[in-house]
Amino acid sequence: MTRKLALLGSAVCLALSAGAARADDLPTRKAGLWEMKMVRTGSPMPEMTMQHCTDETVDKEMSNNVSPMAKQICSKQDIKKTATGYVSDSECSVAGVTTTSHAEITGDFNSAYTVKSTSHAQGGVAGAAGRDATTMIEAKWLGACKPDQKPGDIVMPGGFKINTRDADKLKNLLPK
């Protein structure tokens, strides 16, 4: 159960990093099944690959549902369009840990995109010295969702599945 919660926490962090921007700031991903590989350095979290079945409505809902959560925990959320994609800077606090992050998002949102982010966490479990981490998310479109999937389904390692439309369940798992 602890592993599932850790993986779910990573998914929430992924959603926050990708969804902290407003729905109209980033393009909507092509509908279908996306594979997202997340590699973190400077963190005890292992490499993780997950699949997300999405459509235009779910992508917009995800941004809109994450934004209120992000507004509650983030004192800074800036996103800017660049010549090669987007740049995002944020500062968020959860359970006594403040995390400052910078992300560069590139790709076409139809076949593949990449999110490279660096972050510094201070306080709480990060300790007095803080902790630096680098995250690389490589996402690629695989095609249509599988017959047993519906838009919003995220399949985590080990087959654990949750739907992003269950935002209330996600919020209840976050530390107060």
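Numbering-wise (full-length UniProt numbering), the sequence shown opens with residue 1 and increments by one.
Every residue, glycine too, gets a C-beta built ideally from N, C-alpha and C.
Since the structure is predicted, the reported quantities are computational estimates derived from the model, not experimental observations.
- With contacts defined as CB atoms closer than 8 angstroms, Leu26 and Cys145 fail to qualify as a contacting pair.
- Inclusion of Glu56 and Ser75 in the CB contact set at 8 angstroms is not warranted, their separation being larger than that value.
- The residues Ala133 and Thr134, in chain order, have a CB closer than 7 angstroms to that of Thr41 in the same chain once the five nearest residues on each side in sequence are set aside.
- CA-CA distance, Pro46 to Lys37, rounds to 11 angstroms.
- Rounded to whole angstroms, the gap between the alpha carbons of Ile137 and Asp108 is 14 angstroms.
- The beta-carbon separation of Lys140 and Ser111, rounded to 7 angstroms, stays under the 8 angstroms limit for a contact.
- The beta-carbon separation of Val115 and Ile105, rounded to 5 angstroms, stays under the 8 angstroms limit for a contact.
- Rounded to the nearest angstrom, the Cβ distance from Val58 to Pro151 is 4 angstroms, consistent with a contact under 8 angstroms.
- Between the C-alpha atoms of Lys30 and Thr49 there is a straight-line separation of about 19 angstroms.
- Distances from the alpha-carbon of Ser117 to those of Val87, Ala103 and Cys53 put Ala103 closest.
- Listed as beta-bridge partners of Asp132 by DSSP are His120.
- Restricted to the region 57–108, the beta strand (DSSP E) segments that are unbroken, complete and at least 3 residues in length are 74–81, 85–94 and 97–107, listed in chain order.
- Excluding sequence positions up to five before and after Ser101, its CB lies within less than 6 angstroms of the CB of Ser90, Ser117 and Ser119, all in the same chain and listed in chain order.
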